[in-house]
Amino acid sequence: MNYNEFANSDSGQLVTTIERQMAFVPNPLPPKIDMQPIAVALGDAMQAIGELKGACRRLQNPYMLVNPLQRREALTSSAMEGTYTSADKLAILEAADGIATDESTREVLNYINALRGALLSLPKMPICHCLIKEAHFRLLQGLSDNRGVQKRPGEYKNTQNWIGALHIQEARYIPPPALETQKCMDDLESYINRESRNDLPFLIEAALVHYQFEAIHPFADGNGRLGR
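Residue numbering for the sequence shown follows the numbering used here, starting at 1048 and increasing by one per position.
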């Protein structure tokens, strides 16, 4: 990790890991945000979401639109992590109640189950440790460990992780140490569920929370997919 890119940062601080490397611990949200440079893009995105909501209202069954989008999200998000399958294989696996020897397709179906399970849980609980860990368990349930990583479904990491290289010395980014993870996630949970809002548009809120989750990287594996 290029420490110069993170030293004296307004968004966090460097700490020493047990491997004697430096890890980045993000400051609690929210940061100061200048909305002016993103105002046009934000307006376009909000308009597109409004059009999508309008299309859903015109459908007798909105899930005719939602379910295919969830499948597409699962396929593209998993592909970003190097897991590839086809829509046809995914449909066959869903019809077979998830019984398959094709681990890539099983992994993508887990993504769909995690997404749908989290959406069903939201009326009963806020976005909290429990919901996040539950979604992570569904995401990685039944999958074999790979790349030397113990997945630990539904549990925060207990060892240092890193991004972008096989060895930590060559990592592109080193997130908070395992001992800092619970505190970082406590702060994130408090921010998400705070009573006093700062009137930020929900898309900006979502971007901030997504950034913070990925910066913390609380799990040994599956952080990218779960964050998205």
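C-beta atoms are modelled at their ideal positions from N, C-alpha and C, and glycine is treated no differently.
| Check | Outcome |
| --- | --- |
| Runs of beta strand (DSSP E) lying entirely within the stretch 1066-1134, each at least 3 residues, in chain order | 1069-1073 |
| For Y1203, three-class secondary structure by DSSP | coil |
| Spatial distance of S1237 from K1204 (CA atoms) | 20 Å |
| Spatial distance of P1078 from A1088 (CA atoms) | 20 Å |
| Alpha carbon of F1184 to alpha carbon of E1202, nearest angstrom | 8 Å |
| Rounded separation between I1139 and L1116 - CA only | 17 Å |
| Whole-Å CB distance - G1164 paired with E1181, under 8 Å assumed | 7 Å |
| Residues that DSSP places opposite V1062 in a beta bridge | A1070 |
| Residue range of the unbroken alpha helix (DSSP H) whose run includes Q1259 | F1249 to I1263 |
| I996 (DSSP reduced to helix, strand or coil) | Any question about residue 996 goes unanswered here, given that the chain covers just 1048 to 1275. |
| At least 3 beta-carbon pairs within less than 8 Å: the stretch 1224-1238 vs the stretch 1246-1265 | yes |
| Buried versus exposed, by CB contacts within 10 Å (16 or more), E1154 | buried |
| Nearest-angstrom Cα separation, counted from R1275 out to L1122 | 12 Å |
| Minimum C-alpha distance to L1076 - residue among R1272, L1255, A1092 and F1266 | L1255 |
| Residues sharing a beta bridge with Y1220, DSSP | I1210 |
| Chain-order list of residues whose beta-carbon lies under 7 Å from that of S1125 (same chain, five-residue window excluded) | E1154, V1155, Y1158 and R1272 |
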